[in-house]
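Please read the structure below before turning to the comments.
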Amino acid sequence: MSMTMWKPTGLAMAAIAATAAVALMVPAAMAQRDPAYEAARAAGQVGEQPDGYLGYASTPTPAVRAIVDDINIKRKAAYTSGAPGGSTVEQFAFVTGCNLINKTRPGEKYMAPDRSWKTRDAGAPVRDSRCP
Amino acid sequence: MIAVAGLSGCVQIETPDKPIEINLNINIKQEIVYRLDGDAKKLIEQNSEIF
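As given, the protein sequences belong to chains A and B, one line each in that order. Count along the first sequence from 1, add 869, and you get the number used in this note's numbering. Count along the second sequence from 1, add 667, and you get the number used in this note's numbering.
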């Protein structure tokens, strides 16, 4: 077995750097939901609440509870760091929640303003009257 | 078995299931709703793994 030893040239180094940059950027730009989270949504175990957080549409298993807790903590951090000046974290979370309920797919759960869990169908979801 | 059951009972008491508080009585003016809508959409797009 022979091994070719070579010194990286400037060009090769640039190519490696460019490849590394793309490798770093792609997951950030195309980050997808964790499969377990996606499955819990599809199964209707978790749903979107009007306040911008996830809730349990049915009694959660410890695994589902862990998923929801983890995501809600991350959402809270995102709302906290992302709330534009002149608005509160709760307000930013609420408007995001309006959007998240809109984006639920048929079969997924969301909470209506009367706090009842609904299953999204082909029609528009029942949302808070203040939603944009 | 009884010891195990008792232990799991203890664990549950020590980590009570805090119900997620849902605040639907949020105070927000319509102009703020519309002003935040674009930022909310951007946030969802840029953090798709948690939404």
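Heads up, the beta-carbon is just placed ideally off N, CA and C, and yes, glycines get one too. Quick caveat: nothing in here was measured; it's all calculated off a predicted structure.
task = Would you verify that the beta carbon of residue 914 of chain A is, or is not, closer than 8 Å to some beta carbon of chain B?
result = no
Classification of residue 946 of chain A by the beta-carbon crowding that lies within 10 angstroms, buried from 16 upward = exposed
inquiry  = On the CB-based measure, 16 or more other CB atoms within 10 Å of its CB, does residue 940 of chain A come out buried or exposed?
reply    = buried
ask   = For chain A, is any of its Cβ atoms less than 8 Å away from the one on residue 716 of chain B?
value = yes
ask   = Mapping DSSP to helix, strand and coil, what is residue 700 of chain B?
value = helix
message = Below 8 Å on the Cβ atoms is my contact criterion, and I expect residue 933 of chain A with residue 958 of chain A to pass it. Report the Cβ-Cβ distance as a whole number of Å.
response = Not quite, the Cβ-Cβ distance comes to about 25 Å (not below 8 Å), so this is no contact.
task = Kindly say whether residue 964 of chain A, judged by its beta-carbon, lies nearer than 8 Å to any beta-carbon of chain B.
result = yes
inquiry  = Between residue 940 of chain A and chain B, is any beta-carbon pair separated by less than 8 Å?
reply    = yes
message = Per DSSP, what are the beta-bridge partners of residue 987 of chain A in this structure?
response = A:979
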